[in-house]
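Presented below is the structure to which this report refers.
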Amino acid sequence: MKGTTLKCVLGLAAMAATLGFAQSPPQDAPKPDNTAVNQRDRDKSQPTADQQKENPSDRETVRKIRQALVKDKSLSSYAHNIKVIAQGGSVTLKGPVRSEEEKQNIEQKAAEIAGKDNVKSQLQVATKHDKHADESSAAH
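In mature numbering (1 follows the signal peptide of the UniProt record, and there is no 0), the protein residues as written are -22 to -1, 1 to 118.
So this is what it looks like as structure tokens:
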């Protein structure tokens, strides 16, 4: 009886300690801040996805670029989720990517589809902080 009681008490203590650690947020993790991105996207001179017209040619261009990006399994989830905006044959690429090499790879794919002179890149290589935040959110 004493052995069973001791096991129960120790088990409950272990569970309580585990729950305490699981619920306490990391103290050194900074809160995400995308203020600069939001300010950039409010700039009316910069194209945004909601400004795209229902131009069949532009839609087809975006579809082909998006298809090429998703098909390339070597690209990160960041790269697979960039914004591809087409307006009047011009394509704008926006969003974070993992590396300069990945950025160039995406720009090349878009240029092959839309034409080199028709692609404007606003892709940004993610900082270490951005990568850490992405990895920790992927773990949950």
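In this text, a Cβ means the ideal position worked out from N, Cα and C, and glycines have one as well.
For residue 81, the enclosing alpha helix (DSSP H) stretches over residues 78 to 92. A residue is called buried when at least 16 other Cβ atoms come within 10 angstroms of its Cβ; residue 95 does not meet this threshold and is exposed. Residue 41 and residue -8 have their C-alpha atoms spaced approximately 50 Å apart. Sorting 103, 50 and 91 by C-alpha distance to the C-alpha of residue 35 places 91 at the top.
In the three-state reduction of the DSSP assignment, residue 60 falls in the coil class, being assigned neither a helical nor a strand state. Assignment of beta-bridge partners to residue 74 by DSSP yields 102.
Nearest in C-alpha terms to residue 88, of all of 79, 99 and 105, is 99. The criterion of a C-beta distance shorter than 8 Å is satisfied by residue 75 and residue 103. Taking residue 62 as the centre and dropping the five residues before and after it, the same chain places the C-beta of 40, 43, 44, 69 and 71 closer than 7 Å to its C-beta, in chain order. Per the coordinates, the alpha-carbon of residue 58 lies some 20 Å from the alpha-carbon of residue 65.
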